[in-house]
Every structure is written in structure tokens, then in C-alpha cells.
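Novice:
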Amino acid sequence: MENRAAEIHAKLKHPVIDGDGHWMEPIPVFLEYLREVGGPKSVDQMRALWRRNQAWYRATWPERQHNRLRRTIWWGVTSDTFDKATALLPALLNERLPELGIDFALIYPSFGLTINGIAQDDLQRAAARAYNMMTADMFAPFVGRFAPVAILPARTPDEAIEELEYAVRQLGFKA
Numbered sequence: 010m011e012n013r014a015a016e017i018h019a020k021l022k023h024p025v026i027d028g029d030g031h032w033m034e035p036i037p038v039f040l041e042y043l044r045e046v047g048g049p050k051s052v053d054q055m056r057a058l059w060r061r062n063q064a065w066y067r068a069t070w071p072e073r074q075h076n077r078l079r080r081t082i083w084w085g086v087t088s089d090t091f092d093k094a095t096a097l098l099p100a101l102l103n104e105r106l107p108e109l110g111i112d113f114a115l116i117y118p119s120f121g122l123t124i125n126g127i128a129q130d131d132l133q134r135a136a137a138r139a140y141n142m143m144t145a146d147m148f149a150p151f152v153g154r155f156a157p158v159a160i161l162p163a164r165t166p167d168e169a170i171e172e173l174e175y176a177v178r179q180l181g182f183k184a
């Protein structure tokens, strides 16, 4: 056996379901989808938001407190490029599932979890739609092994319902 997870999996008499798997969305690909959904202005707005998120690192501790700056994620960094690629690419993750001892995985966003925190309504909705389209496209060949989740903008029930219906009926997400 290649590793401990695969050894343990081989002894089990039941499938292993990862109920909280996260992927690291490929940002350049996301921006292509965002451009398609919201146009170049949406891409510029998203990049501006990300630049502001870096302010935490440039600020002193008192400035962070006074301005209520939030720190961006720091736990997504790995020195192993193969593992990083696995987290970014559904095809590679699919190939490595046996090595990881997993038969099926629910896939949650990483960056995508920040989308509902976007203050501009139009950008939030465009980003959610772009995220959902990208995720559906990238995981489509592997629906037997993965169930990715959609992002639903939730400022109003109507917009959440609209995106839910689109994600399920048009993109094939499970409800």
C-alpha cells in the first residue's frame, strides 16, 4: 500500500465519505468566469477588494484594531506543490482519492466562502454566479465522486431562491 490512509481504507467494508472537503479555487479561472458573468468592471472590483484585504499585513497592531481590519486566510499555504495542485484541480483530486482513502466527497468552497461578505450587491451576485458556473464545469466529469456545493447570495430570499434554482436546474448541483 502507498500510505496509511489507503491501508486503512482497504480494511473497511463500507465506503468513506468526506463530508467536509474543501478545494482551493483557481483564482485566474474564477476571474474568467466573473468576466463572463459581470464584465471587466466586476473583475476590477474584485481585484480592488483583494488589494484592500492585504491592508492587514501593512498595518500596525493599533491600526488593525482601530480600523477593524480582518486578516485574510493564512492556512491554505503548502510547500508541497503536488498537494497544492491536488487542492486546485478536481481531475487530480479525483485521481488521488484512493490514496487519500476517500470514495466520495462533499466539496466546499475556500475562497468562495467570502463571496457573501461582498458589500456591493451586483458584485456579490455576479461572483456567486461565476463561482457556481466554474465549480459546476470543473467538477462535471467527476459527479460520481464529488458533490460540490453552490454559493447562494442571501441578502434577500428571492435572490437566494433564484440562484438555487439556477444552480440546481441549469448547472446540475444537488439540492
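Just so you know, the numbering used here puts 77 at position 68 of the sequence shown, and the rest follows in order with no gaps.
Beta carbons: idealized from backbone N, C-alpha and C, even for Gly.
#1: At what residue ranges does the region 77 to 157 contain a whole run of the alpha helix (DSSP H), taking only runs of 4 or more?
#2: If you draw a straight line from the C-alpha of Arg80 to the C-alpha of Ile160, how long is it?
#3: Of the choices Trp59, Pro49, Lys20, whose alpha-carbon is the least far from that of Ala128?
#4: May I have the straight-line CA-CA distance separating Met10 from Pro107, to the nearest angstrom?
#5: Anyone know if the C-beta pair for Phe113 and Arg154 falls short of 7 Å?
#6: Can you have a look at Val52 and say buried or exposed, based on whether 16 or more other CB atoms are within 10 angstroms of its CB?
#7: Quick check on the DSSP output: the alpha helix (DSSP H) that includes Ile160 runs from which residue to which?
#8: Return the Cβ separation of Met143 and Phe39 in integer angstroms, given the expectation that the two are a contact with Cβ distance under 8 Å.
#9: From the DSSP secondary-structure annotation, give me the bridge partner or partners of Asp27.
Specialist: If we stick to the structure as given:
#1: The region 77 to 157 contains these whole alpha helix (DSSP H) runs: 90 to 97, 99 to 109, 130 to 148.
#2: For the purposes of this step, residue 80 is taken as the residue at position 71 of the sequence shown. For the purposes of this step, residue 160 is taken as the residue at position 151 of the sequence shown. Each residue's Cα considered, the two are about 22 Å apart.
#3: If you number the sequence shown from 1, residue 128 lands on position 119. Per the Cα distances, Trp59.
#4: Here residue 10 refers to the residue found at position 1 when the sequence shown is read from its first residue. Here residue 107 refers to the residue found at position 98 when the sequence shown is read from its first residue. The predicted model places Met10 with a pLDDT of 44, which falls under 50 and marks its position as unreliable, so this point remains unresolved.
#5: Here residue 113 refers to the residue found at position 104 of the sequence shown. Here residue 154 refers to the residue found at position 145 of the sequence shown. Contact flag set, yes.
#6: For the purposes of this step, residue 52 is identified with residue 43 of the sequence shown, where counting begins at 1. Burial call: buried.
#7: As a first step, residue 160 is located in the sequence shown; it is residue number 151 there, counting from the start. From DSSP, Ile160 is part of no alpha helix (DSSP H); its letter is neither H nor E.
#8: Position 134 of the sequence shown, counting from 1, holds the residue named residue 143. Position 30 of the sequence shown, counting from 1, holds the residue named residue 39. Taking a contact as a CB-CB distance under 8 Å, the pair Met143 and Phe39 counts as one, their CB atoms being some 6 Å apart.
#9: Position 18 of the sequence shown, counted from the first residue, corresponds to residue 27. Ala114.
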